[in-house]
Amino acid sequence: MADLIDTDFYQIEELLSEEERLVRDVARRFVDEEFLPRVQQCFREGSFPMELVPRLAELGFLGVTVPTEYGGAGMSSVVYGLISQELERGDSGLRSFASVQSSLVMYPILTFGSEEQKKFWLPRLARAEAIGCFGLTEPDFGSNPGGMITRARRENGGYLLNGTKRWITNGSISDVAVVWAKLEEDGTDVIRGFLVEKERAGFTRQNIEGKFSFRASVTSELIFEDCWIPEDNLLPKSGGLKSPLMCLTQARYGISWGATGAAIACYECAVDYAQNRKMFSRPIGGYQLVQAKLVTMLTEITKAQLLAYRLGRLKDAGKMRPDQVSMAKMNNVSTALHTTRLARDILGGNGITDEYPIIRHLLNLETVNTYEGTEDIHRLTLGRYITGLSAFE
Ligand SMILES: Cc1cc2nc3c(=O)[nH]c(=O)nc-3n(C[C@H](O)[C@H](O)[C@H](O)COP(=O)(O)OP(=O)(O)OC[C@H]3O[C@@H](n4cnc5c(N)ncnc54)[C@H](O)[C@@H]3O)c2cc1C
């Protein structure tokens with residue numbers, strides 16, 4: 102039996118460039134040596150390891166695809182995917198931190214921001230001198246963000262914001278929030294993006310307590326009560342629900358790689374355990390029912406890797422479509438959740454303790470299945486693509 106547990110069953114390694122492998126290996130080492138030794142304590146305490154944030158910046162993991170002229174790493178989407186996979190092999194909270202900063206904060210500033218906004222914020226965000234968050238979801242508008250209540254009103258040469266955003270990753274540790282709000286323009290409400298610095302009067306944040314998932318990640322509520330921001334804080338090229346959805350497409354792309362990383366961590370743990378845990382007459386890995394579970398896990402991981410890899414190449418070629426991202430996000434998270442549950446089962450009682458990574462990944466993946474479009478919302482997106490008929494409303 103091979104010493105090393107093979108999680109590259111279809112030899113995707115051969116399809117990667119030397120640079121892609123190199124960056125992936127750097128991310129893998131960082132997770133193994135610097136993150137994994139801390140994660141158990143963080144998950145128990147319900148804290149994010151802020152001391153590692155400068156390292157994430159130093160390694161170029163914040164703004165991976167952002168052009169170097171704005172302080173980013175200027176690398177490909179496949180590299181971003183591989184980094185996401187490795188970070189989430191550590192913990193979904195770690196990958197989320199990098200995803201939010203890169204895809205949900207730097208991307209909208211790069212895409213919808215003015216030259217001044219880009220020059221001011223992007224290098225700071227890449228160097229982790231500023232942390233960002235993305236406020237779209239509201240207490241009463243999750244899967245249907247277009248119904249948002251948060252409003253911006255023109256006042257005193259700027260905007261007055263009112264509303265509440267909920268479930269915001271990094272909310273209370275952020276220096277700047279990308280906030281989506283409705284603004285009346287020519288008699289119609291249009292969703293626009295605004296940058297709100299943490300010091301603004303009328304802007305308060307509070308942590309959401311009692312989470313059993315994403316414990317090593319900060320999740321917050323953002324409250325805007327007559328919060329005034331200057332005209333320059335509007336993202337000038339944002340307009341309509343399409344703008345935040347474009348950001349989500351970027352983040353969902355990273356998630357489809359990341360979830361596979363979590364599934365790989367659990368699969369490796371389950372194979373090792375099955376080879377060593379003896380029950381009745383032999384190691385449990387020698388029983389057909391346990392083997393069947395391991396076969397399902399490896400097959401689903403392999404399919405997920407192929408979807409993510411192909412999606413990455415399409416993205417780098419400028420050909421990726423949002424419905425393709427929906428399929429990869431829906432499939433790869435849902436199968437990661439399924440394989441992680443199988444791994445939990447193989448570990449028996451040990452599968453529920455944090456001595457092993459499985460229960461932590463399993464609890465995290467419950468969130469990953471819900472956020473950035475629930476599994477069913479992506480199913481409806483694909484249903485609409487196939488039939489041309491919307492089943493949302
Ligand atoms: C830990 C965490 C971090 C998050 N981080 C962020 C963040 O940084 N920024 C941000 O803006 N948001 C964030 N979110 C919010 C997340 O995107 C939402 O939770 C998600 O969009 C789902 O919204 P909801 O929770 O209101 O669920 P709901 O929309 O109420 O959905 C509940 C259920 O109803 C189903 N459902 C809804 N509509 C339909 C329909 N038409 N047909 C069939 N089924 C339907 C859903 O699939 C789901 O099963 C985060 C969430 C969590 C848990």
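According to our numbering, the sequence shown is numbered sequentially starting from 102. In this text, a Cβ means the ideal position worked out from N, Cα and C, and glycines have one as well. These figures come from a predicted structure and were not determined experimentally.
* Could I get the ranges of all uninterrupted beta strand (DSSP E) runs contained in the segment 206-265, with 3 residues as the minimum, in chain order? => 233-236 and 252-256
* To do: Please name the residue, chosen from R353, W281, T270 and V277, that lies closest to E322 on a Cα-to-Cα basis.
  => As a first step, residue 322 is located in the sequence shown; it is residue number 221 there, counting from the start. Considering only R353, W281, T270 and V277, the residue with the shortest C-alpha distance to E322 is T270.
* To do: Could you round the C-beta distance between L448 and I459 to whole angstroms and report it? I think they count as a contact, below 8 Å.
  => Locating residue 448 in the sequence shown gives position 347, counting from the first residue. Locating residue 459 in the sequence shown gives position 358, counting from the first residue. 6 Å between Cβ atoms; contact.
* **Bridge-paired residues (DSSP) for M380** => As a first step, residue 380 must be located in the sequence shown, where it is residue number 279. Per DSSP, R383.
* To do: Out of V391, K266 and V180, state which residue places its alpha-carbon closest to the alpha-carbon of L123.
  => What you label residue 123 is simply residue 22 of the sequence shown in a count that begins at 1. The residue with the shortest Cα to Cα distance from L123 is V180.
* Compute every distance between the C-beta of F136 and the non-hydrogen atoms of ligand 1, then say whether any falls below 7 Å. => Position 35 of the sequence shown, counting from 1, holds the residue named residue 136. Answer for F136: no, Cβ out of range of ligand 1.
* Three-state secondary structure (DSSP) of F295 -> Here residue 295 refers to the residue found at position 194 of the sequence shown. In the structure shown, F295 sits in a strand (DSSP, three-state: E or B).
* Should S427 go down as buried or exposed, given a rule of 16 or more other Cβ atoms within 10 Å for buried? -> As a working note, residue 427 is residue 326 in the sequence shown. Classification of S427: buried, given that the 10 Å Cβ count is 16 or more.
* Asked: Residue ranges of each beta strand (DSSP E) run of no fewer than 3 residues wholly in the segment 297-361, ordered along the chain?
  -> Taken in chain order, the complete beta strand (DSSP E) segments of 3 or more residues contained in the segment 297-361 are 304-308 and 320-331.
* To do: Report all residues from its chain with a CB closer than 6 Å to the CB of R495; omit the five preceding and five following residues, and keep chain order.
  => For residue 495 there is no data in the structure shown, the boundaries of the chain being 102 and 494.
* To do: Under the assumption that F242 contacts G294 (Cβ atoms under 8 Å), give the Cβ distance between them as a whole number of angstroms.
  => In the sequence shown, residue 242 corresponds to position 141, counting from 1. In the sequence shown, residue 294 corresponds to position 193, counting from 1. About 16 Å separates the Cβ atoms of F242 and G294, ruling out a contact at the 8 Å cut-off.
* With DSSP run on the structure shown, which of helix, strand or coil describes L466? -> The residue given as residue 466 occupies position 365 in the sequence shown. In the structure shown, L466 adopts helical secondary structure according to DSSP, grouped into three states.
* **Selection from L284, D276, I106 and M347 that minimises the alpha carbon distance to G248** => The sequence position of residue 248 within the sequence shown is 147, counting from 1. Taking only the C-alpha atoms, the option nearest G248 is L284.
* What first and last residue would you give for the alpha helix (DSSP H) that runs through E494? -> Against the sequence shown, residue 494 aligns to sequence position 393. No alpha helix (DSSP H) contains E494, which DSSP labels as neither H nor E.
* Can you give the Cα-Cα distance for Y208 and V165, rounded to whole angstroms? -> Within the sequence shown, residue 208 is the residue found at index 107, counting from 1. Within the sequence shown, residue 165 is the residue found at index 64, counting from 1. So the alpha carbons of these two residues sit roughly 10 Å apart.
* To do: Alpha carbon to alpha carbon, how far is R125 from S273? Give it in angstroms, no decimals.
  => One-based indexing of the sequence shown puts residue 273 at position 172. One-based indexing of the sequence shown puts residue 125 at position 24. When rounded, the distance between both Cα atoms is 30 Å.
* Asked: Using a threshold of 7 Å, is the CB atom of D477 nearer than that to any non-hydrogen atom of ligand 1?
  -> The count along the sequence shown starts at 1 and reaches residue 477 at position 376. Yes.
* Alpha carbon to alpha carbon, how far is V396 from M176? -> Here residue 396 refers to the residue found at position 295 when the sequence shown is read from its first residue. Here residue 176 refers to the residue found at position 75 when the sequence shown is read from its first residue. Spanning the two alpha carbons is a distance of roughly 35 Å.
* Boundaries (first-last residue) of the alpha helix (DSSP H) holding L284 -> Here residue 284 refers to the residue found at position 183 when the sequence shown is read from its first residue. No alpha helix (DSSP H) holds L284; the beta strand (DSSP E) holding it covers V277 to E286.
* Of all the options R252, V391, I356 and Q376, which has the alpha carbon lying nearest to the alpha carbon of F330? -> Numbered from 1 along the sequence shown, position 229 holds the residue referred to as residue 330. In the sequence on display, residue 330 carries Ile and not Phe. Checking every option, the nearest Cα to that of I330 belongs to R252.
* Asked: Would you say the beta carbon of G236 comes nearer than 7 Å to a heavy atom of ligand 1?
  -> Working through the sequence shown from its first residue, we reach residue 236 at position 135. Because some heavy atom of ligand 1 lies under 7 Å away, the Cβ of G236 counts as near it: yes.
* Asked: In this structure, does DSSP put I106 in helix, strand or coil?
  -> Locating residue 106 in the sequence shown gives position 5, where the first residue counts as 1. Of the three classes helix, strand and coil, the one that applies to I106 here is coil, per DSSP.
* **Environment of G194 [buried if 16+ CB atoms lie within 10 Å]** => For this step, residue 194 is matched to residue 93 along the sequence shown. G194 is buried by the Cβ-count criterion.
* Which residues bound the alpha helix (DSSP H) around K404? -> Here residue 404 is taken as the residue at index 303 of the sequence shown, counted from 1. That run of the alpha helix (DSSP H) goes Q389 to D417.
* Asked: Any idea what DSSP makes of D290, helix, strand or coil?
  -> By one-based count along the sequence shown, residue 290 stands at place 189. Strand, per DSSP.
* Got a sec: does ligand 1 put a non-hydrogen atom nearer than 7 Å to the Cβ of W329? -> Translated into the one-based positions of the sequence shown, residue 329 becomes position 228. Incorrect: W329 has no Cβ contact closer than 7 Å to ligand 1.
* Rank L183, E134, L262 and L390 by C-alpha distance to the C-alpha of I250 and give the top, closest one. => Translated into the one-based positions of the sequence shown, residue 250 becomes position 149. Among L183, E134, L262 and L390, the Cα nearest to that of I250 is on L262.
* Do I113 and ligand 1 come close, with the Cβ less than 7 Å from some heavy atom? -> Here residue 113 refers to the residue found at position 12 when the sequence shown is read from its first residue. No, the beta carbon of I113 sits no closer than 7 Å to any heavy atom of ligand 1.
* Give me the Cα-Cα distance between G488 and R306, rounded to the nearest whole angstrom. => Counting from 1 along the sequence shown, the entry for residue 488 is found at position 387. Counting from 1 along the sequence shown, the entry for residue 306 is found at position 205. One point to set straight first is that residue 488 is Thr, not Gly, in the sequence displayed. Approximately 42 Å, taken between the alpha carbons.
* When you compare only the Cα positions, how much space is there between P240 and T265? -> Here residue 240 refers to the residue found at position 139 of the sequence shown. Here residue 265 refers to the residue found at position 164 of the sequence shown. C-alpha separation (whole angstroms): 7 Å.
* Might you give, ordered along the chain, the residues of its own chain that have their beta carbon closer than 8 Å to the beta carbon of T320, omitting 5 neighbours on each side? => The count along the sequence shown starts at 1 and reaches residue 320 at position 219. Same-chain partners within the cutoff: W268, I269, T270, G272, N308, I309 and K312.
* To do: Would you decide whether D192 is buried or exposed? Buried here means 16 or more other CB atoms lie within 10 Å of its CB.
  => Reading the sequence shown from its first residue, position 91 is the one you call residue 192. Looking at its Cβ environment, which holds 16 or more other Cβ atoms inside 10 Å, D192 is buried.
* What do you reckon, is the C-beta of Y486 under 7 Å from a heavy atom of ligand 1? -> Position 385 of the sequence shown, counting from 1, holds the residue named residue 486. No, the Cβ of Y486 stays beyond 7 Å of every heavy atom of ligand 1.
* To do: Rounded to whole angstroms, what's the CA-CA distance from G182 to D276? Just pull it up for me.
  => What you label residue 182 is simply residue 81 of the sequence shown in a count that begins at 1. What you label residue 276 is simply residue 175 of the sequence shown in a count that begins at 1. So the alpha carbons of these two residues sit roughly 26 Å apart.
* A158 and R255: beta carbons closer than 8 Å? -> Numbered from its first residue, the sequence shown carries residue 158 at position 57. Numbered from its first residue, the sequence shown carries residue 255 at position 154. Contact flag unset, no.
* How long is the line joining the alpha carbons of V297 and V279, rounded to whole angstroms? -> Looking up residue 297 in the sequence shown gives position 196. Looking up residue 279 in the sequence shown gives position 178. About 7 Å.
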